[in-house]
Amino acid sequence: MDFRLGPKSDAFRAEVRAFLDEHLDPEIIERAHRSGTNHDKDFHRAIGAQGWIAASWPAEYGGQERDPFEMTALRDELRLAGAPTDGMGLSLIVCQTIRRVATDEQKADFLPRALAGEITMSLGYSEPDSGSDVASIKTSAVRDGDEWVINGQKMFTTLAHVADYVFLLARTNHAVPKHKGLTMFLVPLDSPGIEIHPVHTVGGERTNATFYTDVRISDHYRIGEVDRGWDVMTVALTFERGGFGLSEADRVWEQAVGWAEETRRPDGSRVIDDAGVRERLATMRMHNEVARLLAYRTTFVAATGGLPGVEGSMHKLFYAESMAADAAELVDMLGSEGVLQRGEDGAPVDGWVEHLFRHAAVTTIYGGTSEMQRSIIAERGLGLPRSSR
Amino acid sequence: MDLNLTDEQDEVVSAVRALLTDRCPSDVVRASEPGGFDPELWTAFCRVAGPTIGVAEQLGGGGASLLDLELVCEQLGSFLAPVPFIDCVVAARTLAAVGDPGRHCLDALVAEPSTVSTVALGPVVDGTATLVTSGSIAGVLIALDADELVLVTGAGDGAARGNLGSSPLADRSVRDPGRSVLATRDLARAVHQQALDEWRTLMGGALVGLGAAALSIGVEYAKNRHQFGAPIGSFQSIARDLAEAATLVDGARLLAREAAWARSEDDEHFAPLSSMAFLFATRAARRASTVALHVHGGYGFTLEYDIQLYYRRAEAWPLGLGDPRRGVAHLADALFGPAGAS
Chain A
24 MDFRLGPKSD
34 AFRAEVRAFL
44 DEHLDPEIIE
54 RAHRSGTNHD
64 KDFHRAIGAQ
74 GWIAASWPAE
84 YGGQERDPFE
94 MTALRDELRL
104 AGAPTDGMGL
114 SLIVCQTIRR
124 VATDEQKADF
134 LPRALAGEIT
144 MSLGYSEPDS
154 GSDVASIKTS
164 AVRDGDEWVI
174 NGQKMFTTLA
184 HVADYVFLLA
194 RTNHAVPKHK
204 GLTMFLVPLD
214 SPGIEIHPVH
224 TVGGERTNAT
234 FYTDVRISDH
244 YRIGEVDRGW
254 DVMTVALTFE
264 RGGFGLSEAD
274 RVWEQAVGWA
284 EETRRPDGSR
294 VIDDAGVRER
304 LATMRMHNEV
314 ARLLAYRTTF
324 VAATGGLPGV
334 EGSMHKLFYA
344 ESMAADAAEL
354 VDMLGSEGVL
364 QRGEDGAPVD
374 GWVEHLFRHA
384 AVTTIYGGTS
394 EMQRSIIAER
404 GLGLPRSSR
Chain D
1388 MDLNLTDEQD
1398 EVVSAVRALL
1408 TDRCPSDVVR
1418 ASEPGGFDPE
1428 LWTAFCRVAG
1438 PTIGVAEQLG
1448 GGGASLLDLE
1458 LVCEQLGSFL
1468 APVPFIDCVV
1478 AARTLAAVGD
1488 PGRHCLDALV
1498 AEPSTVSTVA
1508 LGPVVDGTAT
1518 LVTSGSIAGV
1528 LIALDADELV
1538 LVTGAGDGAA
1548 RGNLGSSPLA
1558 DRSVRDPGRS
1568 VLATRDLARA
1578 VHQQALDEWR
1588 TLMGGALVGL
1598 GAAALSIGVE
1608 YAKNRHQFGA
1618 PIGSFQSIAR
1628 DLAEAATLVD
1638 GARLLAREAA
1648 WARSEDDEHF
1658 APLSSMAFLF
1668 ATRAARRAST
1678 VALHVHGGYG
1688 FTLEYDIQLY
1698 YRRAEAWPLG
1708 LGDPRRGVAH
1718 LADALFGPAG
1728 AS
């Protein structure tokens, strides 16, 4: 066994750090935090210019053939630095799917621009009445000659207000069971008939509700076969569940420890000398280590030719649930000042703990709720009989 | 990164597993209660993997790494094997760590690996080490008595104190006239601390095995037990608890292996990792055995079903090191230095 990522990853990690030192102005982080839009066009282009949006891809598609452990190093450094990466993550999910199921003409149209960071994609799966049961969506696409006409509403279309496309799941056949009548489209967000309304989250992120009224798009924008959208989307969801490494919890833990070591109480003692503070930070560090190992195991399984479905679910479940519990412990640990928000005078740990508490609630839900992860672990991992819900 | 075992490790694990499958079914575990020791099983076990495999080859040992040993402990834990492997391995490695003063005793252990040895984990008070793990069966005892790490040979009175985990626990006097001093002052404390960290790691491995085995008993029961016309494992409230326990056990296994690996590959991080591995395996084993017992319904609290054997030991084994809550404070010291340091 070897728990190190390895020398190639270490070298790449150093390269990424040097890049972040140069390109990740603290103002970019602050702007993302204030706006709730975890994406920065210039920074995204700079990442694209490095060839890092799909760095693991084969060279023929514009990738650098980075191995999965180098990719972990890249993501870890972006997370630790607090870089705004939603645009990178969402675009990559879409691009992975395009690479696997789209036509050559579509690949040539979308992939080079996306990998260069010139265009950004968002995801349009969820609807007001369809969350975890995403196959029940109602948004429809009706064929009209060489075009499709789309009507409906999507929820949690994160980045739609700054992105160029939405990867949209629509119903194209009402006569078949719900999973079998769906089709995926890459809809240009500047198409007439699209309205974007902001939705603000308790985590401070801005996401969107998007409305589609007689939106006409060419058949060029259909990704994969008609009525096979469920299979296409499953490809994308596999990538959404994989690819986790370190998390916000690791960054905030480091910040909190630094703060506790430097800060003194009125009696002159260091905050880190307080038993309640020490125990909470130690416990959180242990949870972070387990989350990191579960993430790295997911990477390892994928790197050695496996499909880490259950492993990915275990990581998602543990990282999100322990982050939520630890964030609450850390807010308590800060006492009355724990409620102070970023920007307030005297906000401990620059308000990042208070922010983590709000953000953590989001992580237990998006990308597959904790309940869905437990079902996957129970049924696919433990072989328990399928639940009747 | 490589999370696979080597071929050699696979072979050792398979050999231990084969032996325990054959020689340590649950009725052997039951028959060993309350004393918690099966001498015949131990003799057979020592022929496959005696405790001095954990000592360097030039000292007559097998040169096994702490990771190799941790993998063996996972198997011991999953069978609840009533053998003192962890205590013996830690004692042998402690004798090796002190050099010449421990050499004579170590040579004797190499010559006769089934001799039971142990390190008292807690401090000696008024000449007595209390509730020493394997204390009722050990012929070799190492203890930290104030500033001295001492060695006492010779059997105790042989009676284990009645206890939750049916472990061979006994109080042992260390003021024996024949005692010898293995190390003093800083060296004594450092060697003892190292022994505790290695014990934490190996016990972490045993608890991972215990938790995984308890979980699979619970899962099998949930698949086969029907109520309301359906297997109870199809009920979400049951599936949910089992899925969470499985996640804890998988995380604990990775962490125990990482800690053991770090002992030889990343020693700078060994102390905090061993502490985390022990704490997290404790939580995982307790949660898994509690859930698995609960899934059995009324049968879970009958002595007839095996799950109670796991449930009791998951609570009892980690207490060799005292209140786990104090273990969190110990982890904090390893991460941040002692409180009030500056």
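As given, the protein sequences belong to chains A and D, one line each in that order. First residue of the first sequence? That's 24 in the working numbering, and the numbers climb one at a time after it. First residue of the second sequence? That's 1388 in the working numbering, and the numbers climb one at a time after it. Think of the CB as a built atom: it goes at the ideal place given N, C-alpha and C, for glycine as much as any other residue.
Neighbour flag for residue 187 of chain A against chain D, beta carbons, 9 Å: Translated into the one-based positions of the first sequence, residue 187 of chain A becomes position 164. Answer no: the Cβ-Cβ gap between residue 187 of chain A and chain D never drops below 9 Å.
Validate contact between the region 107-118 of chain A and the region 67-76 of chain A using beta carbons, cut 8 Å, 3 pairs: Here the region 107-118 of chain A lies against the region 67-76 of chain A, with 3 or more beta-carbon pairs under 8 Å apart.
Element boundaries [beta strand (DSSP E), containing residue 176 of chain A]: As a working note, residue 176 of chain A is residue 153 in the first sequence. Counting along the chain, the beta strand (DSSP E) containing residue 176 of chain A begins and ends at 170-178.
Complete runs of the beta strand (DSSP E) confined to the region 110-191 of chain A [at least 3 residues]: Fully enclosed beta strand (DSSP E) runs of 3 or longer: 144-147, 163-167 and 170-178.
Pairwise C-alpha distance: residue 1511 of chain D and residue 340 of chain A: Residue 340 of chain A sits at position 317 when you count from the first residue of the first sequence. Residue 1511 of chain D sits at position 124 when you count from the first residue of the second sequence. One C-alpha to the other measures close to 44 Å.
Runs of alpha helix (DSSP H) wholly within the region 32-72 of chain A (minimum 4 residues, chain order): Here the runs fully enclosed are 49-58 and 64-72.
Best match in D:1480, D:1634, D:1400 and D:1570 for proximity to residue 1347 of chain D [C-alpha to C-alpha]: Residue 1347 of chain D is absent from the structure shown; chain D starts at 1388 and stops at 1729.
Validate contact between the region 1588-1605 of chain D and the region 1668-1676 of chain D using beta carbons, cut 8 Å, 3 pairs: Three or more pairs of CB atoms, one per stretch, sit closer than 8 Å, so the region 1588-1605 of chain D contacts the region 1668-1676 of chain D.
Own chain residues within Cβ distance below 7 Å of residue 1649 of chain D, not counting five before or after: For the purposes of this step, residue 1649 of chain D is taken as the residue at position 262 of the second sequence. Excluding sequence positions up to five before and after residue 1649 of chain D, its CB lies within less than 7 Å of the CB of 1656, 1657 and 1660, all in the same chain and listed in chain order.
Cβ-Cβ distance between residue 235 of chain A and residue 209 of chain A below 9 Å: Translated into positions along the first sequence, residue 235 of chain A becomes position 212. Translated into positions along the first sequence, residue 209 of chain A becomes position 186. Cβ atoms of residue 235 of chain A and residue 209 of chain A: not closer than 9 Å.
Alpha carbon of residue 490 of chain A to alpha carbon of residue 166 of chain A, nearest angstrom: For chain A, the structure presents residues 24 to 412; residue 490 of chain A sits outside this window and is missing.
Chain A contact for residue 1443 of chain D (CB, 9 Å cutoff): As a first step, residue 1443 of chain D must be located in the second sequence, where it is residue number 56. Not closer than 9 Å to any Cβ of chain A, the Cβ of residue 1443 of chain D fails to qualify, so no.
Residue-level contact to chain D via CB, residue 57 of chain A, 9 Å cutoff: Within the first sequence, numbered from 1, the residue matching residue 57 of chain A stands at position 34. Among the CB atoms of chain D, none fall inside 9 Å of the CB of residue 57 of chain A.
Distance between residue 1501 of chain D and residue 1430 of chain D (C-alpha atoms, nearest Å): Your numbering for residue 1430 of chain D matches position 43 in the second sequence. Your numbering for residue 1501 of chain D matches position 114 in the second sequence. Their Cα atoms are separated by approximately 6 Å.
Residue 228 of chain A, DSSP secondary structure in three states: The residue given as residue 228 of chain A occupies position 205 in the first sequence. If DSSP states are grouped into helix, strand and coil, residue 228 of chain A belongs with coil.
Ranges of the beta strand (DSSP E) found wholly within the region 1453-1515 of chain D, counting only runs of at least 3: Counting only runs of 3 or more, we get 1504-1506.
Reduced DSSP category for residue 81 of chain A - H, G, I as helix; E, B as strand; rest coil: For this step, residue 81 of chain A is matched to residue 58 along the first sequence. Of the three classes helix, strand and coil, the one that applies to residue 81 of chain A here is coil, per DSSP.
Short CB-CB distance (under 9 Å) between residue 278 of chain A and chain D: For this step, residue 278 of chain A is matched to residue 255 along the first sequence. Closer than 9 Å: no.
Cβ pair residue 1471 of chain D, residue 1419 of chain D closer than 9 Å: Counting from 1 along the second sequence, the entry for residue 1471 of chain D is found at position 84. Counting from 1 along the second sequence, the entry for residue 1419 of chain D is found at position 32. The answer is no: Cβ separation not under 9 Å.
Closest by C-alpha distance to residue 161 of chain A, when choosing among A:168, A:152 and A:169: For this step, residue 161 of chain A is matched to residue 138 along the first sequence. Residue nearest to residue 161 of chain A within the set A:168, A:152 and A:169 is A:152 (criterion: CA-CA distance).
Buried versus exposed call for residue 241 of chain A [16 or more other C-beta atoms within 10 Å across all chains shown]: Along the first sequence, one-based indexing puts residue 241 of chain A at 218. By the Cβ-count criterion, residue 241 of chain A is exposed, with fewer than 16 other Cβ atoms from all chains shown falling within 10 Å of its own Cβ.
Neighbour list for residue 1667 of chain D in chain A, Cβ cutoff strictly below 7 Å: For the purposes of this step, residue 1667 of chain D is taken as residue 280 along the second sequence, with counting starting at 1. Residues of chain A passing the Cβ test: 309 and 313.
For residue 288 of chain A, the three-state DSSP class (helix, strand or coil): Residue mapping note: residue 288 of chain A aligns to position 265 of the first sequence, counting from 1. It is coil, neither helix nor strand.
Cβ shell of residue 32 of chain A (< 6 Å), same chain only, five flanking positions each side left out: In the first sequence, residue 32 of chain A corresponds to position 9, counting from 1. These residues qualify, in order along the chain: 92, 93 and 96.
Paired residues, beta bridge with residue 217 of chain A - DSSP: Residue numbering aside, residue 217 of chain A sits at position 194 when the first sequence is read from its first letter. Answer is A:235, bridged to residue 217 of chain A.
Rounded straight-line distance, which links the Cα of residue 291 of chain A to that of residue 1554 of chain D: Start at 1 with the first residue of the second sequence, and residue 1554 of chain D comes out as number 167. Start at 1 with the first residue of the first sequence, and residue 291 of chain A comes out as number 268. When only Cα atoms are considered, residue 1554 of chain D and residue 291 of chain A end up about 47 Å apart.
Contacts that residue 159 of chain A makes with chain D (C-beta to C-beta distance below 7 Å): Along the first sequence, one-based indexing puts residue 159 of chain A at 136. None at all; the shortest Cβ gap to chain D is about 19 Å.
Distance CB(residue 1600 of chain D)-CB(residue 1464 of chain D) smaller than 9 Å: Looking up residue 1600 of chain D in the second sequence gives position 213. Looking up residue 1464 of chain D in the second sequence gives position 77. Cβ atoms of residue 1600 of chain D and residue 1464 of chain D: closer than 9 Å.
Within 7 Å of chain A by C-beta, residues of the region 1630-1659 of chain D in sequence order: The residues in question are 1630, 1631, 1633, 1634, 1637, 1638, 1641, 1642, 1644, 1645 and 1648.
Cβ contact check for the region 1519-1534 of chain D and the region 1557-1573 of chain D: 3 or more pairs under 8 Å: Three or more pairs of CB atoms, one per stretch, sit closer than 8 Å, so the region 1519-1534 of chain D contacts the region 1557-1573 of chain D.
Residue range of the unbroken alpha helix (DSSP H) whose run includes residue 200 of chain A: Residue mapping note: residue 200 of chain A aligns to position 177 of the first sequence, counting from 1. Per DSSP, residue 200 of chain A belongs to no alpha helix (DSSP H) and is neither H nor E.
Proximity test, residue 114 of chain A beta-carbon vs the ligand COA heavy atom, cut-off 8 Å: Ligands displayed in this structure: none; no statement on the ligand COA is therefore possible.
Best match in D:1534, D:1551, D:1686 and D:1653 for proximity to residue 1572 of chain D [C-alpha to C-alpha]: Indexing the second sequence from 1 puts residue 1572 of chain D at position 185. Shortest Cα-Cα distance from residue 1572 of chain D to any of D:1534, D:1551, D:1686 and D:1653 involves D:1534.
Cβ of residue 394 of chain A within 9 Å of any chain D Cβ: Translated into positions along the first sequence, residue 394 of chain A becomes position 371. Cβ-Cβ to chain D under 9 Å: yes for residue 394 of chain A.
Reduced DSSP category for residue 1535 of chain D - H, G, I as helix; E, B as strand; rest coil: Numbered from its first residue, the second sequence carries residue 1535 of chain D at position 148. If DSSP states are grouped into helix, strand and coil, residue 1535 of chain D belongs with the strands.
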